[in-house]
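Chemist: Residue numbers (the working numbering), protein chains in the order written: chain P, 32 to 486; chain U, 32 to 486.
2 protein chains.
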Amino acid sequence: MAQKPSTPKGTRDFNPKEVAKRNYIFNMIKSQFKKFGFQPIETPSFEKSSTLLGKYGEEGDRLIFKVLNSGDKVKKADLKALEEGKLARFSNSLSEKALRYDLTVPFARYVVQHQNDITFPFKRYQIQPVWRADRPQHGRFQEFYQCDADVVGSQSLWQEVEFVQLYDSVFTALDLKGVTIKMNNRKVLSGIAEVIGASDKLIDFTVALDKLDKIGEDGVKKEMLEKGISQEAINKVQPLFSFSGTFIEKINQLKELLSGSEIGMTGVEELLFIGNAIEELGLETAVLDLDVTLARGLNYYTGAIFEVAAPEGVKMGSIGGGGRYDDLTGIFGLKDVSGVGISFGLARIYLVLEELNLFPDTVEDDVKVLFVNFGKEEALYCMKAIKEMRVRGINVELYPSDAKMKKQMNYANKRQIPYVAIVGSEEMKSNTFMLKNMETGEQEQLLLEEIVRKI
Amino acid sequence: MAQKPSTPKGTRDFNPKEVAKRNYIFNMIKSQFKKFGFQPIETPSFEKSSTLLGKYGEEGDRLIFKVLNSGDKVKKADLKALEEGKLARFSNSLSEKALRYDLTVPFARYVVQHQNDITFPFKRYQIQPVWRADRPQHGRFQEFYQCDADVVGSQSLWQEVEFVQLYDSVFTALDLKGVTIKMNNRKVLSGIAEVIGASDKLIDFTVALDKLDKIGEDGVKKEMLEKGISQEAINKVQPLFSFSGTFIEKINQLKELLSGSEIGMTGVEELLFIGNAIEELGLETAVLDLDVTLARGLNYYTGAIFEVAAPEGVKMGSIGGGGRYDDLTGIFGLKDVSGVGISFGLARIYLVLEELNLFPDTVEDDVKVLFVNFGKEEALYCMKAIKEMRVRGINVELYPSDAKMKKQMNYANKRQIPYVAIVGSEEMKSNTFMLKNMETGEQEQLLLEEIVRKI
């Protein structure tokens, strides 16, 4: 069998360096989650198909990986559906389970299923892989991690304040300074729609407005007119074309604009609460900004909308996002559970840290000393030292066989092990080790105690 | 939609306490792996079907979860196979990918695929879920974690020595004292088969011998005769019925018994090397024992065989096992890569730690102080303290709304938060907090600095 094995398209292996870097990000995020009182949950990789299907729209349903029924159950294949070309129905007749498509629907299912055991407000985080049958292409994978933090069962705006702080804390901990936390509010968007008198044109409006930097005021207005937004409407929102200043200053401009819209003003008040609190509390390294063109998750967010942009100069889409939704669990029959949540774009954060060289050198926490193996007697002498060093928390190892010195040194080089300990009869007599610094080539004859102190 | 949602049979959710306990075990194991120079890898959840099928025997193939092909590909369903009742062939015509069944085959695939990037000997560990379409029943799940450490590319017996030490270190770190690390050797089993002159009766022989404690020497001999093992053969292995003493003492008894078998004596020499090294190096809390009835993985292990038994008094099957295999990667075309590996039985270790009450109280690392919310002004005052405490690494939170005091206290109780901080106008004036110990009910008016020191 000379088949050259490989992973399926759209999936990948992670080597030790990659696992270490990813775990570094996970651990930094988790430790901040904990400080903010979030608790971890985990849900199964597959859910009942009925839990997932119909929750992500038609396109989403197509991208859900279905698990084939086992054994005799495949006899129930709906061949008529296959004949008629109803492939989704045919597939569903062969499958009762499907792989997790995101963490939100499983979380909603979890909350409803365990509602009697949960203390609300429930602050949970979840870091697990999800699967999507997307066409594999550069940088898009069929298996990838998501990382979500949500609070359900509280309408308090302090949650939004905390999420701004949480983003700031995580990116500060990752030494990724200067991210922009952009906020908007669904109610502000509704207010703008009211003012321009065209709810159905809201997306066209925000998309056009978002191009202000690129195509200028005249260009934006031209596009709006082309999209059927009236000149009168455009005149009404004229202040948005010179929208500038701090978060609070922008809110004050918005206040004037939306003074005639009740829902718009509610949105402004909410943003103002958050802005004032953050001004009082301060942020470490992030900047809070108001962006009225932010319209992500328009279909389900009902209040705050978040999006995080990488520091200026890094070309990368958003590295985080989220918002408030008034009815997460309604799909499973539990009404009136308001929630707000954010997610971290792990793959992109990884790329940004890589680009800016922000992973610590020590991230791998690999072997510090390789003990060279010259034979059974020397090896046993080394193993006694190795045991002692491990108890002291130092990662060390013995080269397993008494191979040629060159081979053993090669191994140390390739593994990037910084020190090699060499033991001959002289060292064994004097209870010492010849410690070689693999970078400088320097050698010193040391007692075990001295090696421990050195490392 | 009043559907009451639930997880599929054979799967489960993990709540925050369970996740914390599981992570405690994972982290303890990982930190020992690192000290011993093992490096983490991760492989995708699904592999090409061709990678997995045929590697686990017929029963294994049946238990592999197949992922249904997406979109138009299901048109290729082999209806003839369905008609003829060839369900496996029908299933395979609908699926090109399958969920990971264990970590060993994906690891073998990884080694072959990345052989040019790997520095051998390669010491890897892997902790990931696997999936099996077993009939769900008490304590058996369709999704569970495996935890493996292997070294490939070295035939040195120092690896076996290190695995004994690794088991000892992990269980010592988990405070699980008194586990027995049982060892055997495939070559010793071959030697015994030679001596009894009946290789095909080896399993019957070990199964019968294993009952010595329960049914006594006469009972065992009776069973052996019934299984077709000759009286002459039984006479030859008479020493095994009074097999006792330390690891080394047992080896010496074995030596006499197997003196006529070349392969048997090789096995004895291997065990002796390991036994002598461990005697020199010592173990922390585990005991090394020789068990010639240990015949796990008889089909693939070629040298050492390991199995770990929980401390006496705990009723639980083995909590770990492993062995040496001479040809891990041959199935993928890479010959002569010897390996040796062990695994940890995570689910059982979890149950043992639970039974012996060995999880630390602090395992959840949950919120230490809840700040009661009396309204906007008080909340902001608290949030300033909260920010400071989080920077100092303390997990704290604000109750999100100014709900009734009783409700907030209830929340603290249910979450088992040990302290509650209460802030009224008096505290705000004096820059203090009323800290209530939720266990004793004791209250103290303290400065932030004093609270930090107290916690």
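Just so it is clear, CB atoms sit at the ideal spot from N, CA and C, and this is done for glycine as well.
Note that this is a predicted model, so its numbers are computed, not measured.
What's the C-alpha gap between LYS128(P) and ASP92(P)?
Modeler: Between LYS128(P) and ASP92(P), the C-alpha separation is close to 13 Å.
Chemist: Where DSSP assigns a beta bridge to LEU319(U), which residues make up the other side?
Modeler: Answer is ILE212(U).
Chemist: Quick check: the stretch 179 to 187 of chain U against the stretch 306 to 320 of chain U, are there 3 or more CB pairs under 8 Å?
Modeler: Cβ pair count under 8 Å is below three, so no.
Chemist: Pull up the distance between the alpha-carbon of VAL345(P) and that of GLY313(P), whole angstroms please.
Modeler: Going from the Cα of VAL345(P) to the Cα of GLY313(P) covers about 24 Å.
Chemist: Using 8 Å for Cβ pairs, my map puts TYR176(U) next to ILE158(U). What's the rounded Cβ distance?
Modeler: That pair is a contact at about 6 Å.
Chemist: Who are the neighbours of LYS128(P) on chain U, taking C-beta pairs under 7 Å?
Modeler: Here the neighbours are PRO39.
Chemist: Work out the CA separation of SER292(U) and GLU225(U) for me, nearest whole Å.
Modeler: So the two alpha carbons sit approximately 7 Å from each other.
Chemist: Are the stretch 196 to 208 of chain P and the stretch 360 to 371 of chain P touching by the rule of at least three beta carbon pairs closer than 8 Å?
Modeler: With the cut-off at 8 Å, the stretch 196 to 208 of chain P and the stretch 360 to 371 of chain P do not touch.
Chemist: Just to confirm, are ASN404(U) and TYR442(U) a CB contact at a threshold of 7 Å?
Modeler: Not closer than 7 Å, so no.
Chemist: Among SER432(P), GLN439(P), LYS399(P), ASN444(P), which has the Cα closest to the Cα of GLY424(P)?
Modeler: Among SER432(P), GLN439(P), LYS399(P), ASN444(P), the Cα nearest to that of GLY424(P) is on LYS399(P).
Chemist: Starting from ASN58(U), trace the beta strand (DSSP E) in both directions and tell me its first and last residue.
Modeler: No beta strand (DSSP E) contains ASN58(U), which is instead part of the alpha helix (DSSP H) from 47 to 66.
Chemist: Which ranges does the beta strand (DSSP E) cover as unbroken runs of at least 3 residues, wholly within the stretch 447 to 484 of chain P, from first to last along the chain?
Modeler: If we require 3 residues or more, the beta strand (DSSP E) runs fully inside the stretch 447 to 484 of chain P come out as 450 to 453, 464 to 468, 474 to 477.
Chemist: What are the partner residues of TYR356(U), as DSSP defines its beta bridges?
Modeler: Paired residues: GLY370(U).
Chemist: Please work out which residues of its chain come closer than 6 Å, Cβ to Cβ, to GLY406(U), disregarding the five sequence neighbours upstream and downstream, and give them in chain order.
Modeler: Around GLY406(U): ASP433.
Chemist: DSSP on TYR156(P), reduced to helix/strand/coil?
Modeler: TYR156(P): strand per DSSP, three-state reduction.
Chemist: Which residue comes first and which comes last in the alpha helix (DSSP H) that contains VAL394(P)?
Modeler: VAL394(P) -> no alpha helix (DSSP H), and no H or E assigned at all.
Chemist: What's the gap between the Cα of LYS467(U) and the Cα of SER62(P)?
Modeler: Cα-Cα distance, rounded: 26 Å.
Chemist: When DSSP labels each residue in this structure, what does LYS128(P) get in the three-state scheme?
Modeler: Of the three classes helix, strand and coil, the one that applies to LYS128(P) here is strand, per DSSP.
Chemist: Across the stretch 110 to 126 of chain U and the stretch 335 to 351 of chain U, are there enough close Cβ pairs to call them in contact, namely three or more that are closer than 8 Å?
Modeler: The stretch 110 to 126 of chain U is not in contact with the stretch 335 to 351 of chain U.
Chemist: Take the Cβ of PRO391(U) as the centre, count every other Cβ of all protein chains shown within 10 Å, and call the residue buried at 16 or more, exposed below.
Modeler: Under this definition PRO391(U) is an exposed residue.
Chemist: Measuring only the C-alpha atoms, how far is SER374(P) from ARG421(U)?
Modeler: Taking the straight line from one Cα to the other gives about 20 Å.
Chemist: Determine the chain U residues that contact ASP103(P) at a beta-carbon separation under 9 Å, and present them in chain order.
Modeler: Simply LEU118.
Chemist: Measuring only between beta-carbons, confirm whether GLN144(U) sits less than 7 Å from chain P.
Modeler: At least one chain P Cβ lies under 7 Å of GLN144(U).
Chemist: Decide if LYS281(P) is buried, meaning its Cβ has at least 16 other Cβ atoms within 10 Å, or exposed.
Modeler: The residue is buried, with at least 16 neighbouring Cβ atoms inside 10 Å.
Chemist: Take VAL451(U) as the anchor and find which of SER101(U), THR316(U), GLY472(U), TYR356(U) has the nearest alpha-carbon.
Modeler: It is GLY472(U).
Chemist: I want to verify the contact list: residues of chain U whose CB lies under 8 Å from the CB of ASP392(P), in sequence order.
Modeler: By Cβ distance, chain U contributes nothing, its closest Cβ being about 16 Å from ASP392(P), past 8 Å.
Chemist: Can you list the residues of chain P that TYR442(U) reaches, using a CB-CB cut of under 7 Å?
Modeler: Going along chain P in sequence order, the residues near TYR442(U) (Cβ under 7 Å) are THR150.
Chemist: I'd like to check one pair, PHE121(U) with ASP109(U): are the Cβ atoms closer than 7 Å?
Modeler: Contact flag set, yes.
Chemist: If distances are taken between C-alpha atoms only, which option among VAL238(U), ILE227(U), ILE486(U) comes closest to LYS267(U)?
Modeler: Residue ILE227(U) is the option with its Cα nearest to LYS267(U).
Chemist: In or out: MET32(P) buried (at least 16 other Cβ within 10 Å) or exposed?
Modeler: With a pLDDT of 45 at MET32(P), under the threshold of 50, the modelled position of that residue is not reliable, and the figure given next carries that caveat. Looking at its Cβ environment, which holds fewer than 16 other Cβ atoms inside 10 Å, MET32(P) is exposed.
Chemist: Of all the options PRO160(U), VAL142(U), LYS485(U), GLU395(U), which has the alpha carbon lying nearest to the alpha carbon of THR42(U)?
Modeler: For THR42(U), the nearest C-alpha among the options comes from PRO160(U).
Chemist: Using a beta-carbon distance below 7 Å, is ASN426(U) in contact with chain P?
Modeler: At least one chain P Cβ lies under 7 Å of ASN426(U).
Chemist: Between which residues of its own chain and SER124(P) is the CB-CB distance below 8 Å, once the five residues before and five after are set aside?
Modeler: So the qualifying residues of the chain are LYS107, ALA108, ASP109, ALA112.
Chemist: For GLY68(P), decide whether its Cβ has a neighbour in chain U, counting only Cβ atoms nearer than 7 Å.
Modeler: With 7 Å as the cut-off, GLY68(P) counts as an interface residue toward chain U.
Chemist: Count the CB pairs spanning the stretch 281 to 290 of chain U and the stretch 205 to 225 of chain U that are closer than 8 Å, and state whether there are at least three.
Modeler: Taking 8 Å as the limit for Cβ pairs, the verdict is that the stretch 205 to 225 of chain U does touch the stretch 281 to 290 of chain U.
Chemist: In whole angstroms, what is the alpha-carbon distance linking GLN190(U) and LEU401(P)?
Modeler: If you take the alpha carbons of GLN190(U) and LEU401(P), they lie about 15 Å apart.
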